[in-house]
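Protein chains in written order, with the numbering used here: chain A, 517 to 726; chain B, 517 to 726.
Number of protein chains: 2
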Amino acid sequence: MTWKIPASTIDRLSIYMRALDKLGLDGMETVSSLQLAELSGVNSAQLRKDLAYFGQFGTRGRGYEIKSLLQNLRKILGVDKKWKTVLIGIGNLGSALLAYPEFKEEGFEVVGAFDNSFSKVGKKLEGIKIQEIDKVEAFLKIEKIKIGIITTPATVAQEVADSLVKGGVKAILNFAPVSLNVAKGIKVKNVDLSKELESLSYFLTHKKTV
Amino acid sequence: MTWKIPASTIDRLSIYMRALDKLGLDGMETVSSLQLAELSGVNSAQLRKDLAYFGQFGTRGRGYEIKSLLQNLRKILGVDKKWKTVLIGIGNLGSALLAYPEFKEEGFEVVGAFDNSFSKVGKKLEGIKIQEIDKVEAFLKIEKIKIGIITTPATVAQEVADSLVKGGVKAILNFAPVSLNVAKGIKVKNVDLSKELESLSYFLTHKKTV
DNA sequence: ATATCCTTGTGAAAAATTTCACAAAGATGA
DNA sequence: TCATCTTTGTGAAATTTTTCACAAGGATAT
């Protein structure tokens with residue numbers, strides 16, 4: 517279990533969790549790799565291979581026990597514990613993420629909110645007081661926070677990232693449409709909403725009109 | 517130019533555009549594949565190969581003319597023209613996307629907003645009146661809209677997707693954490709915000725403590 | 001002109017990822 | 001207990017994607 521695991525595998529583990537959640541709610545107890553793969557939109561061999569990176573979770577002739585596989589996946593992804601996060605940039609998107617229930621459900625809690633606008637600092641949102649951005653570094657150190665979420669304009673995203681890293685953050689979820697430069701050992705995940713629409717636009721533009 | 521182009525290439529084209537935008541603002545006129553790749557966080561051979569799928573855009577010994585490469589990329593991605601979209605599910609995230617300036621800047625305009633809550637229907641947001649969800653199909657047909665954005669809870673996302681497809685939508689940006697089932701020829705892009713945090717959690721959990 | 005320098009565009013090699021296909025493990029029923 | 005059926009886990013093959021490495025094109029300076 518010491519070799520390199522593809523990022524795409526990790527991405528798919530989350531997708532399997534969503535499908536398992538649903539199956540659990542439907543009252544099912546076990547599921548085969550074929551069913552689960554179908555629900556997740558992947559090849560069943562791939563599903564089995566993805567799981568095989570981490571151990572053996574199934575029973576031949578029967579499939580996977582849904583509850584236990586879910587627990588295992590949660591543990592693998594590290595979402596069996598709580599993560600405290602901070603959110604920088606309380607615009608429309610930032611405010612929406614503060615209120616995004618799925619984060620809390622998955623164990624991610626935003627405990628600090630920061631913005632550089634006078635009109636916002638001091639106000640409360642979702643029970644969290646918005647603080648000045650130059651307070652973030654100290655806050656991160658005191659709270660020992662490892663995850664930061666950036667929802668600022670692109671122009672300031674790099675300096676915000678620098679502050680987060682100085683404060684001890686090891687992983688950044690970046691919604692600003694820039695690629696951030698960070699020290700080795702810091703993980704950045706970019707979510708570029710326009711990019712997603714652009715790829716749809718590409719698809720629509722180049723699709724042969726059947 | 518009729519072979520299959522990797523989805524990852526398309527994704528990177530958007531990233532190159534962001535970098536080129538910035539370089540343009542900085543007043544630069546040309547850029548080498550090495551510089552642009554560095555800014556975009558990719559290998560320069562990969563950048564050249566990505567572009568090579570679509571033609572020859574550079575000048576040997578000099579590099580790429582920024583403005584013209586940008587225009588070319590916009591054309592390739594189909595964002596040289598305007599796209600009308602609808603947005604279904606006007607919760608926190610949906611409202612934020614309605615107000616997301618980058619969409620409009622990139623040529624994507626939300627022209628219809630839909631929700632199934634009595635308290636929201638009829639209200640105006642960002643100059644757009646929120647309509648009942650059962651009006652969406654007719655609206656799509658009249659306006660000839662090809663792109664739909666789903667920001668509903670997961671439980672209703674599939675039936676919303678079905679309505680969109682019935683209304684003639686060919687591409688869906690789905691923020692609900694479910695994998696949607698759609699007819700062949702319809703493109704779905706999933707954005708699962710929790711998934712992104714989960715992959716960061718995985719990274720933090722399995723990183724060897726240096 | 002000519003020589004030198006820079007940088008693209010691209011075959012070929014390498015690496016990574018996905019899919020195939022089946023032996024092995026266990027379930028189920030007679 | 002034995003035969004049959006189901007489904008996992010996994011080597012091997014196939015495919016896809018990335019990276020290397022360099023010939024060729026064009027700029028620039030003398």
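Beta carbons: idealized from backbone N, C-alpha and C, even for Gly.
The structure displayed is predicted, hence computed values, not measured ones.
So, are the CB atoms of G594 (chain A) and L720 (chain B) less than 9 Å apart? L720 (chain B) sits close to G594 (chain A), with the two beta carbons spaced by under 9 Å.
Any beta strand (DSSP E) of 3 or more consecutive residues that is wholly inside the stretch 605 to 669 of chain A: Counting whole runs of 3 or more residues, the stretch 605 to 669 of chain A contains the beta strand (DSSP E) stretches 624 to 631, 644 to 648, 663 to 666.
Give a yes or no on whether the minimum CB-CB distance between P693 (chain A) and chain B is below 9 Å. Yes, P693 (chain A) counts as interfacial toward chain B.
Using the DSSP secondary-structure output, state which residues sit across from N588 (chain B) in a beta bridge. DSSP output for N588 (chain B) lists no bridge partner at all.
Unbroken stretches of the alpha helix (DSSP H), 4 residues or longer, contained in the stretch 521 to 562 of chain B: Taken in chain order, the complete alpha helix (DSSP H) segments of 4 residues or longer contained in the stretch 521 to 562 of chain B are 523 to 541, 549 to 556.
Give the DSSP bridge partners of W599 (chain B), in chain order. Answer is B:F624.
DSSP three-state label for V672 (chain A), please. Three-state DSSP puts V672 (chain A) in a helix.
Helix, strand or coil, according to DSSP, for I688 (chain A) in the structure here? Reduced to three states, the DSSP call for I688 (chain A) is strand.
In terms of alpha-carbon separation, which member of B:I661, B:K600, B:R534, B:R578 lies closest to L589 (chain B)? Nearest option by C-alpha distance: B:R534.
May I have the straight-line CA-CA distance separating K597 (chain A) from K651 (chain A), to the nearest angstrom? Answer to the nearest angstrom: the Cα atoms are 26 Å apart.
For L567 (chain B) and S560 (chain B), believed in contact at Cβ under 8 Å, the rounded distance: Not confirmed; about 11 Å, so no contact.
Cβ of D542 (chain A) within 9 Å of any chain B Cβ: At a cut-off of 9 Å between C-beta atoms, D542 (chain A) does not count as an interface residue with respect to chain B.
Alpha-carbon spacing of D631 (chain A) relative to T667 (chain A), whole angstroms: Whole-angstrom Cα-Cα distance: 10 Å.
Between which two residues does the alpha helix (DSSP H) containing Y569 (chain B) stretch? Premise fails: Y569 (chain B) is in no alpha helix (DSSP H) and is neither H nor E.
For the putative contact between S556 (chain B) and I531 (chain B), defined by C-beta atoms under 8 Å, what is the C-beta separation to the nearest angstrom? Taking the Cβ atoms as the reference, S556 (chain B) lies roughly 5 Å from I531 (chain B), within the contact range of under 8 Å.
Check this for me: beta carbons of L656 (chain B) and G638 (chain B), under 9 Å apart or not? Going by C-beta atoms, L656 (chain B) is not nearer than 9 Å to G638 (chain B).
Between A:D537, A:Q562, A:G543, A:G540, which lies nearest to I526 (chain A) when the distance is taken from Cα to Cα? Checking every option, the nearest Cα to that of I526 (chain A) belongs to A:Q562.
C-beta neighbour in chain A for R576 (chain B), strict 9 Å: At a cut-off of 9 Å between beta carbons, R576 (chain B) makes no contact with chain A.
Here's the rule I'm using: 16 or more other beta-carbon atoms within 10 Å means buried, otherwise exposed. How should L541 (chain B) be labelled? Exposed, since its Cβ has fewer than 16 Cβ neighbours within 10 Å.
Here's the rule I'm using: 16 or more other beta-carbon atoms within 10 Å means buried, otherwise exposed. How should V726 (chain A) be labelled? Low confidence applies to V726 (chain A): its pLDDT is 41, below 50, so where it sits in the model is not reliable, and the reading given next is rough at best. It counts as exposed.
Of all the CB atoms in chain B, is at least one closer than 9 Å to the CB of W519 (chain A)? So, not an interface residue.
Report the CB separation of K636 (chain B) from I646 (chain B) in whole angstroms; it is logged as a contact under 8 Å. Cβ atoms of K636 (chain B) and I646 (chain B) come within 8 Å of each other, at about 5 Å.
Provide the residue(s) that pair with K703 (chain B) in DSSP beta bridges, ordered along the chain. Answer is B:A687, bridged to K703 (chain B).
Just to confirm before moving on: does the CB-CB distance between T601 (chain A) and L609 (chain B) stay below 9 Å? T601 (chain A) places its beta carbon 9 Å or farther from that of L609 (chain B).
Taking a contact to mean a Cβ-Cβ separation below 9 Å, would you say E653 (chain A) touches V627 (chain A) in this structure? Cβ distance not < 9 Å, so E653 (chain A) and V627 (chain A) don't count as in contact.
Would I658 (chain B) count as contacting chain A if we go by Cβ distances under 9 Å? No, I658 (chain B) does not count as interfacial toward chain A.
Rounded to whole angstroms, what is the Cα-Cα separation between A677 (chain B) and G579 (chain B)? So the two alpha carbons sit approximately 44 Å from each other.
Delimiting residues of the beta strand (DSSP E) encompassing G579 (chain B): 579 to 581 is the extent of the beta strand (DSSP E) around G579 (chain B).
Could you name the residues of the same chain whose beta carbon sits closer than 7 Å to that of L585 (chain B), not counting the 5 residues immediately before and after it, in chain order? Sequence-distant Cβ neighbours of L585 (chain B) in its own chain, meaning closer than 7 Å and more than five residues away, are L536, F573.
CA nearest to the CA of L689 (chain B), picked from A:L716, A:K705, A:V707, A:V681: The shortest C-alpha separation from L689 (chain B) is found at A:L716.
Could you tell me which chain B residues have their CB closer than 8 Å to the CB of T668 (chain A), listed as they occur along the chain? The contacting residues do not exist; T668 (chain A) stays about 13 Å from chain B at best.
Give the straight-line distance between the Cα atoms of I663 (chain A) and K711 (chain B), rounded to the nearest whole angstrom. One Cα belongs to I663 (chain A), the other to K711 (chain B), and the distance between them is close to 14 Å.
Less than 8 Å between the CB atoms is what I'm expecting for I592 (chain A) and F570 (chain A), so what's the real figure, rounded? About 5 Å separates the two Cβ atoms, so the contact holds.
Tell me the DSSP bridge mates of T750 (chain A)? Outside the modelled stretch of chain A, which goes from 517 to 726, sits residue 750 (chain A), for which no answer is possible.
So R534 (chain A) contacts chain B; which residues on that side make the cut at Cβ distance below 8 Å? Under a criterion of Cβ atoms nearer than 8 Å, the residues of chain B adjacent to R534 (chain A) are, in order, A670, P693, V694, S695, D708.
Look at the alpha carbon of K648 (chain B) and the alpha carbon of S611 (chain B), and state the distance between them as a whole number of angstroms. The sequence given here has Glu at residue 648 (chain B), not Lys. Those two C-alpha atoms are separated by around 16 Å.
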